[in-house]
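Report on the following structure.
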């Protein structure tokens, strides 16, 4: 990323969304048999270069298992409905049935249910039994509360996720998670 000057002594880095990126063919093509999409993250190897985002609308334990068996990595949101309800089927049905104008109160009600540490362990165990690389995520705000539960549950990849996450966060309101100290 390149720096952009935004003031006399201030600069920022340019960021790009998926809409800003296009894959264009080159003048040479490759035989698919000659292409290796395999990648590694530390000691973990993957055949498919896809990481599924830790969102309830994308990853369930079953989705994580299917992606893992296909060679990818799916990250389960450990603050989601899967760790708030023994069986979140009804909660997901309420979300689907909600009128778009009423969706926010429905979501707020469902996500007000507390995270249950035993469900973190149960979901991780479910994925572990399938023999996949197990990945789970927490937000920086919830990491202090639940990281011990996540680690003791046996995740292989622990993701601290947020819209913007930096190594050091400054806040007058909350005790921030300092990744330099945490790691």
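Numbering (this note's numbering), first residue to last: 8 to 190. All C-beta atoms, glycine included, are put in the ideal place defined by N, C-alpha and C.
For residue 134 and residue 80, the rounded distance between their alpha carbons: Cα-Cα distance, rounded: 12 Å.
Just to confirm, is the Cβ distance from residue 91 to residue 123 under 8 Å? Yes.
Please confirm whether residue 71 and residue 139 have their CB atoms less than 8 Å apart. Cβ atoms of residue 71 and residue 139: closer than 8 Å.
Residue 55 and residue 77 - do their beta-carbons sit closer together than 8 Å? Less than 8 Å divides the Cβ of residue 77 from the Cβ of residue 55.
Could you check the C-alpha separation between residue 42 and residue 180 for me, to the nearest Å? If you draw a straight line from the Cα of residue 42 to the Cα of residue 180, it is about 50 Å long.
How long is the line joining the alpha carbons of residue 165 and residue 154, rounded to whole angstroms? Just so you know, the alpha carbons of residue 165 and residue 154 end up roughly 9 Å apart.
For the beta strand (DSSP E) containing residue 152, list its first residue and its last residue. Bounds of any beta strand (DSSP E) do not take in residue 152; it lies within the alpha helix (DSSP H) bounded by 147-160.
Going by beta carbon distance, what residues of the same chain come within less than 6 Å of residue 58, once the five residues before and after it are set aside? So the list reads 80, once near-sequence residues are dropped.
One or two residues paired with residue 143 in a DSSP bridge: Under DSSP, the beta-bridge partners assigned to residue 143 are 83, 165.
Identify which residue in 147, 117, 36 has its Cα closest to the Cα of residue 184. Ranking the options by Cα distance to residue 184, first place goes to 147.
Among residues of its own chain, excluding the 5 on either side of residue 110, which ones have a beta-carbon nearer than 8 Å to its beta-carbon? The beta carbon of residue 110 lies closer than 8 Å to those of 102 in the same chain, with the five residues before and after it left out.
Ignore the nearest five residues each way along the sequence and tell me which others in residue 84's own chain have a CB closer than 7 Å to its CB. These residues qualify, in order along the chain: 61, 62, 63, 66, 144.
Nearest residue (CA-CA) to residue 129, options 35, 34, 159: Residue 159 is the option with its Cα nearest to residue 129.
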